Amino acid sequence: MIKLLHSSDWHLGKSLFSKALLEDQTTTLNEISAFLELHEPDALLLSGDLFDRSVPPEDAVERLDLFLSNAVLKLNVPVIMIPGNHDSSTRIGAHAGLLRAAGLHVFSKPESIYHPVKLGEGAARVSVYGVPYLEPAEWGFYFSLPLRTHAEAMTQILESLKPLLENDKLEGRRSVLLLHAYVTGGQATDSERPLSIGGSELVPSEPLEVFDYVALGHLHRPQKVGLEKIQYPGSLFPYSLSEAGQKKGIVLAKLGAEPTEDSFEFLEFKTPRRLHALRGSLEEILEPAPESSNGTTTFRADDYVIAVLTDPSLPTDAFRRLAKVYPGLLHVSRESTWDRSAANDADRLNRALRRDISDQDLLSQFVALTASTELSAEDRQWLSSELDAFSKAEDSGALS
Ligand SMILES: [Mn+2]
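Counting in the working numbering, the sequence shown runs without a single skipped number right up to 402 at its last residue.
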């Protein structure tokens, strides 16, 4: 039996609403180290976006270095990794040749796809392939073909891997692929950076089924894509409001001599701070912190909070008042009331515009639609005098 732990999208060095997350990321990395000690896997697979930026901050670089040294040198777990779309493949791949001898395997160049890491012995053996995240044009340059989409690049990569995969089969070796891509059928969150502007970023899942396990990276929601053997473990930490309350964790893949012996398990992180989204009016949210925000997770005093206020306008001092109740408050926003009915109202306003109505009535309607409140007599008076002053200035040419 070959045991593989699979993680991705660490985004070390990332901030959420100006709050640096490295401390929280370290808590989770410590939990991954504990998983390595507990499960003693044959390898740890990291499917890209190790850092949040191609030039990561120094403390994030140091953090990754500490983690990898501990995993490879102290725990004796080989680490196999690829750069993602947030990483610089050159920087992630620095010294790859030297590090390989120590047990850190980095796929960072196009030709590295032909050099799988071979693990195991006897009946349970695998070849682990890695496809570094590169732009379609970079693959096109490598293959000397006009490749414009990630799907086209993937077709070419898989085609070129065929002889190696056939050889694995002949020798009774299972195959694993590390890939950082948006595979068709996957569900995104709000924290992935699109892989292409304008064109298609999707890669079809069917051709990936030739592998016994596809260790995916890119999408931040943990998920299987169609089959159990094609999985995203999701990000290290919730990196957007859309991931509040979402379970985060790591995948434990066990591959036997035959596919029927395989199993895939999601191991949830327990220690890190949670991210909660609290929706409601300021007064509602200011009530003592709820014990549970979604029925399954316990609310801890230092948990991160994003407050989405439903008040008709943003109450003054909302952040300061909320931060007293929620020390981990990261951001306060107001839920937009701009929905379909608002759009219909706007349409009505447009039609009203074409009829001849006074400026004052037009502005009153605008205020009523956007602020969900009627103008008071006092407001009307103020508006009327401002409008008068404006037309006079306009007539005298002062505004031209
Ligand atoms: Mn990512």
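The beta-carbon is built from N, C-alpha and C at its ideal position, and this holds for glycine as well. Predicted model only: the values in this text are computed from it and were never measured.
According to DSSP, residues forming a beta bridge with residue i
i: residue 225; result: 234
i: residue 2; result: Residue coverage of the chain in this structure runs from 3 to 402, which leaves residue 2 outside it and unanswerable.
i: residue 270; result: 251
i: residue 278; result: 307
i: residue 215; result: 178
i: residue 132; result: 180
i: residue 21; result: 18
i: residue 265; result: 256
i: residue 127; result: 122
i: residue 53; result: 14
i: residue 204; result: 184
Presumed contact (8 Å Cβ cut-off) between residue i and residue j, rounded CB distance
i: residue 62; j: residue 14; result: 4 Å
i: residue 52; j: residue 26; result: The pair is not a contact, with the Cβ atoms about 16 Å apart (cut-off 8 Å).
i: residue 94; j: residue 159; result: Not really, about 18 Å apart at Cβ, beyond 8 Å.
i: residue 81; j: residue 105; result: 7 Å
i: residue 130; j: residue 118; result: 6 Å
i: residue 193; j: residue 245; result: 7 Å
i: residue 219; j: residue 71; result: The pair is not a contact, with the Cβ atoms about 22 Å apart (cut-off 8 Å).
i: residue 205; j: residue 153; result: 5 Å
i: residue 235; j: residue 252; result: 5 Å
i: residue 387; j: residue 377; result: Rounded, the Cβ-Cβ distance is 14 Å, inconsistent with contact.
i: residue 65; j: residue 101; result: Incorrect: roughly 17 Å between the Cβ atoms, too far for contact.
i: residue 84; j: residue 144; result: Actually they are not in contact, since the Cβ atoms of residue 84 and residue 144 sit about 15 Å apart, beyond 8 Å.
i: residue 49; j: residue 181; result: 7 Å
i: residue 348; j: residue 364; result: About 13 Å separates the two Cβ atoms, so there is no contact after all.
i: residue 202; j: residue 151; result: 5 Å
i: residue 256; j: residue 237; result: Not confirmed; about 23 Å, so no contact.
Ligand 1 heavy atom lying under 7 Å from the CB of residue i
i: residue 89; result: no
i: residue 11; result: yes
i: residue 51; result: yes
i: residue 198; result: no
i: residue 220; result: yes
i: residue 237; result: yes
i: residue 376; result: no
i: residue 64; result: no
i: residue 15; result: no
i: residue 86; result: yes
i: residue 194; result: yes
Element boundaries [alpha helix (DSSP H), containing residue i]
i: residue 1; result: For residue 1 there is no data in the structure shown, the boundaries of the chain being 3 and 402.
i: residue 93; result: 91-94
i: residue 117; result: Neither: residue 117 is in no alpha helix (DSSP H) and is coded neither H nor E.
i: residue 326; result: 320-327
i: residue 288; result: 284-288
i: residue 42; result: No alpha helix (DSSP H) contains residue 42, which DSSP labels as neither H nor E.
i: residue 394; result: 379-397
i: residue 245; result: Taken as a continuous stretch (DSSP letters only), residue 245 belongs to no alpha helix (DSSP H), as it is neither H nor E.
i: residue 66; result: 60-71
Endpoints, beta strand (DSSP E) assigned at residue i
i: residue 412; result: With the chain represented from 3 up to 402, any question about residue 412 goes unanswered, as that position is not in the structure.
i: residue 144; result: That residue, residue 144, is in no beta strand (DSSP E); its alpha helix (DSSP H) goes 138-145.
i: residue 359; result: Counting along the chain, residue 359 falls outside any beta strand (DSSP E), and DSSP gives it neither H nor E.
i: residue 333; result: 331-336
i: residue 48; result: 45-48
i: residue 1; result: A query on residue 1 cannot be resolved here, the shown segment of the chain reaching from 3 to 402 and no further.
Inter-stretch contact at 8 Å, needing at least 3 Cβ pairs: the stretch 43-57 / the stretch 5-25: yes
Three or more C-beta pairs below 8 Å linking the stretch 8-23 and the stretch 326-334: yes
Validate contact between the stretch 181-194 and the stretch 224-233 using beta carbons, cut 8 Å, 3 pairs: By the Cβ test, the stretch 181-194 is in contact with the stretch 224-233, since at least three Cβ pairs between them sit closer than 8 Å.
Sufficient close CB pairs (3 or more, under 8 Å) joining the stretch 198-213 to the stretch 171-187: yes
Contact the stretch 298-316 vs the stretch 273-282: 3+ CB pairs below 8 Å: yes
Three-pair Cβ contact test at 8 Å for the stretch 262-275 versus the stretch 315-325: Remark: fewer than three beta-carbon pairs, one from each stretch, lie closer than 8 Å, so the stretch 262-275 and the stretch 315-325 are not flagged as touching.
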